[in-house]
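6 is the number of the first residue of the sequence shown in my numbering; add one for each residue after it.
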Amino acid sequence: MTTDSSRSARTSRSAADGISTFKGQERALRADRLGTGGLLLSVLAATAPLMVVAGVMPTTFAVMGIVGQPLLFVVLGVVLVLFSLGYAEMSRHVHNAGAFYAYISRGLGGTAGAGAAVVALVAYNALQVGIYGIFGFEVSGLFATYADLEVAWWIPSLVALAAVGALGWLKIDVNARVLGVLLVIEVLLVVVFDIAAIADPGKEGLSLHAFNPDTLTGAGVGTALCFCIAAFLGFEQAPVYAEETSRPHVLVPRVMFLAVTGVAVFFAISSWALTVATGPAGIVATSQEQSAGLLFFLTESRLGGTFTDVLHILFVTGMFAAMLSFHNVVARYAFAMGREGLLPSAFGRTTGTSGAPGTGSLLQTGIAAVLVLAFAVTDDKPAGDPTAPVLHLFTWFGNIGALGVIVLMAIASLSVVVFFVRRGAAGAQAWRLVTSALAGLALAVIAGYTVKDFDVLVGAGPGSVLSLLLPGIIGLALVAGLVQGLVLRSRAPGTHARIGLGNEAFQLDKEAERTP
């Protein structure tokens, strides 16, 4: 059997020849498109910082009643750094746009990799599509507030869908610049609020009570972790772009650590600033009263109406950046799956001079269009009604996607351990194996809480069928992928053996053709 090390050596020897003369350049994503900055901005855009500060944080305070949300971000930051230690090390050995499923297949085998591939495709599609709901809702509200014009939520959602689809066909470095501009402005505005809150605290002053471990007692901590971990989603996408960087073994680990530590610090400070602005004793009640308007309520009194108006607009553009980021990830997963026989081969080709995975981009755009239209057709309630389909689109699909990614991270942690043990590197990588195991256990616990409390996460009543049906989508995706993997192993063992190899499989075939 060919080992991973010999595969890597062969890949290096054939790299000079390039892949362009073997089945066409269309079989590979274009390298050298992204540097550290472009890669970092591409993955951080998915975190949608303003959407988290204005949406996730007030919801967590209001629903769970836990003051110590800033401390939760610190705890999750530690867990995800532990996860990243092994995940980043594996990224030095595996460069594949399939990321999660490629890593899982290298550690746990092609069948497990096929299962992970379908879960990833479903999860990232769900995350991307869900944002169209809140995007349409917010844009509709802006038209009503500033133009006195009633616009159905699905109209701006479909316009954004078309714009995202068009950008998905462009070069990834063009996308990175778009994402970068939107992200930097978002972050700057949140930092301005943080400074204003610290400079003008509530009646309790600059209290650090929110970092007190005593604030995390109670039955809602597990569910609060589910809310907060969704804010980190995006950092794990760095390996998806590995083939489009010049030095993936250096840039991918660097960006992952910068992203996860930066996100943890940024959100811990920003959620603390919210508690400072209202006072720790008042944050829960104020969040319940203001809901998603909490941030804007606090900026209005400290920074004025103009700043708040700009914040509303950037809230929308930040969601657009997140949609584009997730769209790019879905397109690249589809590309990797098409290249390795898990989807039709048409998905495994890039498009024109842009080098973008165009067919995967079309797939994601089509799925999003169908789901947005389906929710639009069933929407017979005012947008402000909490039972309106537009809000279900966001809460249902957002939490389905978050559960899927948490499950993938937990399985990937196990895969890292198995991968290095099988390579005989357990001793050299011992501390990374320990951190991966600890992170995997923590992520499995969070996944369990997510399933257990899914009714709370989606706002359904106790005993609601949705609490089984919605997380069941991830379970069905995993089973479907495992069945596909078993079928391929039985009927197409050559295809099964390629799962997770990416470009290496084609370059190995090229060498085989040259061998007399």
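Backbone N, C-alpha and C define an ideal beta-carbon position, used for all residues, glycine too.
Keep in mind the model is a prediction, meaning the values are calculated, not measured.
The stretch 460-480 makes contact with the stretch 396-408, as at least three CB pairs between them are under 8 Å. The three-state secondary structure of residue 125, taken from DSSP, is helix.
Distance check between residue 345 and each of 493, 134 and 58 places 493 closest, using alpha-carbon atoms only. Residues 437 and 440 of the same chain have their beta carbon placed closer than 6 Å to that of residue 90, with the five preceding and five following residues left out of the count. The alpha-carbon separation between residue 258 and residue 400 amounts to approximately 31 Å. Residue 250 sits in a strand when the DSSP states are folded into three classes.
Taken atom to atom, the span from the alpha-carbon of residue 313 to that of residue 280 is near 19 Å.
Per DSSP, the unbroken alpha helix (DSSP H) holding residue 292 starts and ends at 288-295. Assigned with DSSP and collapsed to three states, residue 383 falls in coil, not helix or strand. Collapsing the DSSP output to three states places residue 356 in a strand. Between residue 304 and residue 316, the C-beta spacing is below 8 Å. For the options 421, 77, 270 and 144, the alpha carbon positioned closest to that of residue 219 is the one of 77. Counting only the Cα atoms, residue 234 lies some 19 Å from residue 46. Secondary structure at residue 430: coil, using DSSP grouped into helix, strand and coil.
Residue 230 places its beta carbon 8 Å or farther from that of residue 92. Around residue 380, the same chain offers 394 and 398 as residues with beta carbons nearer than 6 Å, after the five sequence neighbours per side are excluded. Nearest in C-alpha terms to residue 95, of all of 488, 420, 148 and 326, is 420. One alpha carbon belongs to residue 446, the other to residue 396, and they sit about 32 Å apart. Taking the Cα of residue 506 as reference, the smallest distance to any Cα among 72, 69 and 108 is reached at 108. Straight-line spacing of the CA atoms in residue 97 and residue 84 works out to 21 Å.
For residue 465, no alpha helix (DSSP H) run applies, since DSSP gives it neither H nor E. With 16 or more other CB atoms across the displayed protein chains lying within 10 angstroms of its CB, residue 337 is buried. Straight-line spacing of the CA atoms in residue 214 and residue 329 works out to 37 Å. Closest option to residue 383, judged by alpha-carbon separation, among 490, 158, 167 and 210: 158. Between the stretch 160-174 and the stretch 364-379 there are three or more inter-stretch CB-CB distances shorter than 8 Å, so the stretches are counted as touching. The alpha-carbon separation between residue 310 and residue 270 amounts to approximately 28 Å. Counting C-beta atoms within 10 angstroms of its own C-beta, residue 496 has fewer than 16 neighbours from the protein chains shown and is therefore classed as exposed. In the DSSP annotation of this structure, the continuous segment of the alpha helix (DSSP H) that includes residue 82 starts and ends at 74-96.
For residue 474, the enclosing alpha helix (DSSP H) begins and ends at 471-496. Under the DSSP definition of a beta bridge, residue 361 partners with 356. At the C-beta level, residue 126 and residue 339 come within 8 Å of one another. Between the stretch 280-291 and the stretch 200-207, the count of C-beta pairs closer than 8 Å reaches three or more; the two stretches touch.
Residue 314: member of the alpha helix (DSSP H) spanning 299-344, first to last residue. Residue 252 sits exposed, since fewer than 16 C-beta atoms from the chains shown fall within 10 Å of its C-beta. For residue 442, the enclosing alpha helix (DSSP H) covers residues 435-457. If you check the CB distance, residue 487 and residue 171 do not come in under 8 Å.
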